[in-house]
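Taking this note's numbering, the leading residue of the sequence shown gets 3, the next gets one more, and so forth. This report refers to the structure that appears directly beneath it.
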Amino acid sequence: MRIKEIIKAKGYTQKEFADKLGITLSALNQRLDGNPTVGSLREIADALEVDLLDLFEDEREKNASIKCPNCGTDIIIDVRK
3 MRIKEIIKAK
13 GYTQKEFADK
23 LGITLSALNQ
33 RLDGNPTVGS
43 LREIADALEV
53 DLLDLFEDER
63 EKNASIKCPN
73 CGTDIIIDVR
83 K
C-alpha cells in the first residue's frame, strides 16, 4: 500500500495525520502495518482526499491490459475516478 507515501506527499507527519483521523499514532501504525478494514481504508482515503485505489497502486499502473484466455486479444482496463 502507498498510504505512508501519500501521507508524506500531502505534507503530514504520521502523528499529524493520526490527529486528523482522531486516532493515536499507535492506532494509525496498526492500520498501516496490519490488515486494515475497508472502512478504515475509506476513512484514510477520504482524509487524504484521494481515491481508494490510489492507496494501492502507482499512477502508472492505473491503465493495464489482460489477455483474453479464449481468443488471445488484449483487453485494456482503464480505471477512472
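All C-beta atoms in this analysis are idealised placements derived from N, C-alpha and C, irrespective of residue type, glycine included. Here the structure is a predicted model, which is why all the values come from computation and not from measurement.
In or out: residue i buried (at least 16 other Cβ within 10 Å) or exposed?
i, result
"residue 33", "buried"
"residue 79", "exposed"
"residue 68", "exposed"
Confirm, please, whether the CB-CB distance from residue j to residue i is below 7 Å.
i, j, result
"residue 25", "residue 57", "no"
"residue 49", "residue 30", "no"
For residue i, which residues in the same chain have their Cβ closer than 7 Å to its Cβ, ignoring the five residues on either side in sequence?
i, result
"residue 111", "This structure does not reach residue 111, given that the chain is present from 3 up to 83, and the question cannot be answered."
"residue 77", "67, 68, 70"
CB-CB under 8 Å to residue i, same chain, minus the five flanking residues each way: which ones, in chain order?
i, result
"residue 54", "43, 44, 47"
### Query
Which ranges would you report for the alpha helix (DSSP H) in the region 4-66 if only whole runs of at least 4 residues count?
5-11, 16-23, 27-35, 40-50
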